[in-house]
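*Asks:* Sharing a structure here in structure tokens format.
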């Protein structure tokens with residue numbers, strides 16, 4: 001199983017490296033591979049893009065989406081990287097100062113007036129320019145191939 005996960009996660013080139021030799025993004029992928037070895041049905045990730053470069057965040061997003069689809073795995077992700085969460089999620093719970101302000105599919109949540117105000121200071125143009133915007137308050141998203149409520 002370990003060899004299979006190393007290949008599936010694109011970690012073959014790092015097989016003989018010490019963990020401290022890896023970038024933060026590659027370490028994060030390694031951590032996720034270790035979790036997947038437990039064969040979970042639900043994977044909870046708290047800010048998986050924290051501290052990694054934008055390029056690595058984009059790769060992480062693609063990888064998480066592939067994992068979700070191939071393993072029929074439910075992901076519960078708490079994240080401040082709005083483009084990552086919007087591209088990964090089927091359903092989003094957006095929060096502002098600990099209060100739920102919107103729940104629904106990404107396309108609905110990203111144009112919700114409360115979300116636009118909380119994350120972009122009310123600028124719909126900013127949300128359109130950035131595709132999804134960038135936030136300070138965080139969002140939680142449940143992603144699953146199974147269509148069940150959060």
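Residue numbers (our numbering): 1 to 150.
Beta carbons: idealized from backbone N, C-alpha and C, even for Gly.
The model shown is predicted, which means the values in this text are computed figures rather than measured ones.
Report buried or exposed for residue 19, applying the criterion of at least 16 other Cβ atoms within 10 angstroms of its Cβ.
*Replies:* Here the question's residue 19 lines up with position 19 in the chain shown. Flag for residue 19 reads exposed.
*Asks:* Thinking C-alpha only, which one of 91, 117, 40 and 47 is nearest residue 105?
*Replies:* The residue labelled residue 105 in the question sits at position 105 within the chain shown. Nearest of 91, 117, 40 and 47 to residue 105, Cα basis: 91.
*Asks:* Quick check on residue 88: does DSSP put it in helix, strand or coil?
*Replies:* Reading the chain shown from its first residue, position 88 is the one you call residue 88. DSSP places residue 88 in helix when its eight states are reduced to three.
*Asks:* Would DSSP call residue 135 helix, strand or coil?
*Replies:* Numbered from 1 along the chain shown, position 135 holds the residue referred to as residue 135. Confidence is the limiting factor: at residue 135 the pLDDT is only 38, short of 50, which leaves the residue's position unreliable and the question unanswerable from this model.
*Asks:* Could you compute how far the alpha carbon of residue 39 sits from the alpha carbon of residue 77?
*Replies:* Your numbering for residue 39 matches position 39 in the chain shown. Your numbering for residue 77 matches position 77 in the chain shown. Their backbone Cα atoms lie some 18 angstroms apart in a straight line.
*Asks:* Kindly indicate which residue of 114, 75 and 88 has the alpha-carbon position closest to the one of residue 57.
*Replies:* Counting from 1 along the chain shown, the entry for residue 57 is found at position 57. Out of 114, 75 and 88, 88 has the C-alpha closest to the C-alpha of residue 57.
*Asks:* Can the beta-carbon of residue 32 be found closer than 8 angstroms to that of residue 11?
*Replies:* Here residue 32 is taken as the residue at index 32 of the chain shown, counted from 1. Here residue 11 is taken as the residue at index 11 of the chain shown, counted from 1. In this structure, residue 11 does not lie closer than 8 angstroms to residue 32 by Cβ.
*Asks:* Tell me where the alpha helix (DSSP H) around residue 111 begins and ends.
*Replies:* Position 111 of the chain shown holds residue 111. No alpha helix (DSSP H) holds residue 111; DSSP gives it neither H nor E.
*Asks:* What are the boundary residues of the alpha helix (DSSP H) that residue 12 is part of?
*Replies:* Along the chain shown, read from residue 1 onward, the residue named residue 12 stands at position 12. No alpha helix (DSSP H) holds residue 12; DSSP gives it neither H nor E.
*Asks:* Take residue 154 and list the residues in its own chain whose beta-carbon comes closer than 6 angstroms to its own, dropping the five residues that flank it on each side.
*Replies:* With the chain running from 1 to 150 in the structure shown, residue 154 is simply not present.
*Asks:* Nearest to residue 65 by CA position, among 84, 51 and 54, is which residue?
*Replies:* What you label residue 65 is simply residue 65 of the chain shown in a count that begins at 1. That would be 84, whose Cα lies nearest to the Cα of residue 65.
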